[in-house]
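A short write-up of the structure that comes next.
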Amino acid sequence: MQEESQQSIFTQEIALSSEEAANLAEELKEKLKEEGKPEADINLIRKLISGLGDQRGLLRRTFSEGLGIIGEAALPGLREALLNSQSVTVRRAAAKTLKLVGDPSALPDLLHALLNDQDPVVQGSAAGAIAIFGEDASKNLIEVLESPNSSEMQCGLASWGLSFIGAKGAKVLTRGAISNNEKVRASSIAALGEQIQLLSDAEAKDILINAINDPSDEVQVEAI
């Protein structure tokens, strides 16, 4: 019941005036300076999330950093904002802030934003946040590549995410490199470089050599 109550509170977006946002930023800076971490107060979190829609980049950054420090208590509001805010600026900043919080429970919502949000910046920010979660994230990104409904941009972001994950997703990448799906093979092959260099992975080397003769030109190019 408590979770439902918090969720309903977070869905009620509030609007901060330019002056209110500026004052809130100053108050937050003072709290961080004095206490190191703001109190996990629901009303404060709502205001900070609302502030993510401010047109001033420095203020958005201040609010984002504050929410990142608050951490887990800010997750319900940030996830709600990512999926349902009417402000594209808030959705973009929410995805970036979830990256700062670094809690893998946000993965399903980040994946949903990557696949369903109409704004390309939100999609990119969601992909960047997904990529910090290593092996678990690599599975999600391969799902994006496998889906026939994914756009070229979404596939490109998923491929970039796999490359960012690199050796942290070694097992998934090795399996992906021999997938039946051409896009998965190409992206996994492209991301295997770090695995080979850092881990001296003999299996990955063999896969890479064999990929030079792959029936897909795209996979061949990545292997070469």
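Residue numbers for the sequence shown follow this note's numbering, so the first one is 388 and each next one is one higher. Virtual Cβ for every residue (Gly too), placed ideally from N, Cα, C.
**Straight-line gap, Ala500 to Ile432 (C-alpha atoms, nearest Å)** = For the purposes of this step, residue 500 is taken as residue 113 along the sequence shown, with counting starting at 1. For the purposes of this step, residue 432 is taken as residue 45 along the sequence shown, with counting starting at 1. Straight-line Cα distance between these residues: approximately 21 Å.
**Request:** Ignoring anything shorter than 4 residues or poking outside the region 394 to 470, list the alpha helix (DSSP H) runs there in chain order.
**Result:** 405 to 422, 429 to 438, 444 to 457
**Asked** Just reading off the alpha helix (DSSP H) that Asn527 is part of, what are its end residues?
**Response** Locating residue 527 in the sequence shown gives position 140, where the first residue counts as 1. First-last of the alpha helix (DSSP H) with Asn527: 521 to 533.
**Request:** Could you check the C-alpha separation between Ile436 and Asp593 for me, to the nearest Å?
**Result:** Within the sequence shown, numbered from 1, the residue matching residue 436 stands at position 49. Within the sequence shown, numbered from 1, the residue matching residue 593 stands at position 206. Answer to the nearest angstrom: the Cα atoms are 48 Å apart.
**Asked** Considering Ile611, what are the terminal residues of the alpha helix (DSSP H) in which it resides?
**Response** The count along the sequence shown starts at 1 and reaches residue 611 at position 224. First-last for Ile611: undefined, no H or E at that position.
**For Ile552, the three-state DSSP class (helix, strand or coil)** = On the sequence shown, residue 552 is found 165 positions in, with the first residue counted as 1. Ile552 falls in the helix class under three-state DSSP.
**Beta-carbon proximity check, Arg478 vs Asp504, cutoff 8 Å** = Stepping through the sequence shown from its first residue, residue 478 is reached at position 91. Stepping through the sequence shown from its first residue, residue 504 is reached at position 117. In this structure, Asp504 lies closer than 8 Å to Arg478 by Cβ.
**Item:** Whole-Å CB distance - Val606 paired with Arg562, under 8 Å assumed
**Value:** Residue 606 sits at position 219 when you count from the first residue of the sequence shown. Residue 562 sits at position 175 when you count from the first residue of the sequence shown. Wrong, their Cβ atoms sit about 15 Å apart, outside the cutoff.
**Prompt:** Between the C-alpha atoms of Ser395 and Ala468, what's the straight-line distance to the nearest angstrom?
**Reply:** Position 8 of the sequence shown, counting from 1, holds the residue named residue 395. Position 81 of the sequence shown, counting from 1, holds the residue named residue 468. With a pLDDT of only 48 at Ser395, under 50, the local geometry of the prediction cannot be trusted, and the value read off the model is given with reservation. C-alpha separation (whole angstroms): 12 Å.
**Asked** Going by other Cβ atoms of all chains shown within 10 Å of its Cβ, with 16 needed for buried, is Pro495 buried or exposed?
**Response** Here residue 495 is taken as the residue at index 108 of the sequence shown, counted from 1. Counting Cβ neighbours within 10 Å, Pro495 comes out exposed, since fewer than 16 surround it.
**Request:** Apply the 10 Å Cβ neighbour rule to Gly444 and answer buried if 16 or more other Cβ atoms are within range, or exposed otherwise.
**Result:** Sequence index remark: in the sequence shown, residue 444 carries index 57 (1-based). Label assigned to Gly444: exposed.
**Prompt:** Between the beta-carbon of Ile519 and the beta-carbon of Asn527, is there less than 8 Å?
**Reply:** Start at 1 with the first residue of the sequence shown, and residue 519 comes out as number 132. Start at 1 with the first residue of the sequence shown, and residue 527 comes out as number 140. No, Cβ-Cβ distance for Ile519 and Asn527 is not below 8 Å.
**Asked** Buried or exposed: where does Glu426 fall if 16 or more other Cβ atoms within 10 Å of its Cβ makes it buried?
**Response** Residue 426 sits at position 39 when you count from the first residue of the sequence shown. It is exposed - the Cβ of Glu426 has fewer than 16 other Cβ atoms within 10 Å.
**Item:** Continuous alpha helix (DSSP H) stretch holding Pro602: start and end
**Value:** The residue you call residue 602 lines up with position 215 of the sequence shown. No alpha helix (DSSP H) contains Pro602, which DSSP labels as neither H nor E.
**Reference Gly515, options Asp428, Ala545, Asp523, closest by Cα** = Along the sequence shown, read from residue 1 onward, the residue named residue 515 stands at position 128. Nearest option by C-alpha distance: Ala545.
**Own chain residues within Cβ distance below 6 Å of Ser603, not counting five before or after** = Along the sequence shown, one-based indexing puts residue 603 at 216. Closer than 6 Å at the Cβ level, and outside the excluded window around Ser603, lie Glu569.
**Prompt:** Which residue from Lys558, Asp441, Ala409 puts its Cα closest to that of Glu590?
**Reply:** Reading the sequence shown from its first residue, position 203 is the one you call residue 590. It is Lys558 whose Cα lies nearest to the Cα of Glu590.
**Beta-carbon proximity of Ala554 to Ala598, cut-off 8 Å** = Residue numbering aside, residue 554 sits at position 167 when the sequence shown is read from its first letter. Residue numbering aside, residue 598 sits at position 211 when the sequence shown is read from its first letter. Their beta carbons are not under 8 Å apart, which means Ala554 does not touch Ala598 by this criterion.
**Message:** Can you find the residues in the same chain that come closer than 7 Å, C-beta to C-beta, to Thr449, ignoring five residues on each side of it along the sequence?
**Reply:** As a working note, residue 449 is residue 62 in the sequence shown. If we look at Thr449 and ignore the five residues flanking it on each side, its Cβ neighbours are Ala412, Leu415, Lys416.
**Prompt:** By Cβ distance below 8 Å, which residues in the same chain neighbour Val475 in space, the five residues on each side in sequence not counted?
**Reply:** Locating residue 475 in the sequence shown gives position 88, counting from the first residue. The answer, listed in chain order, is Asp506, Val508, Val509.
**Asked** Going by other Cβ atoms of all chains shown within 10 Å of its Cβ, with 16 needed for buried, is Ala610 buried or exposed?
**Response** On the sequence shown, position 223 is the one that residue 610 refers to. Its Cβ being crowded by 16 or more others within 10 Å, Ala610 is buried.
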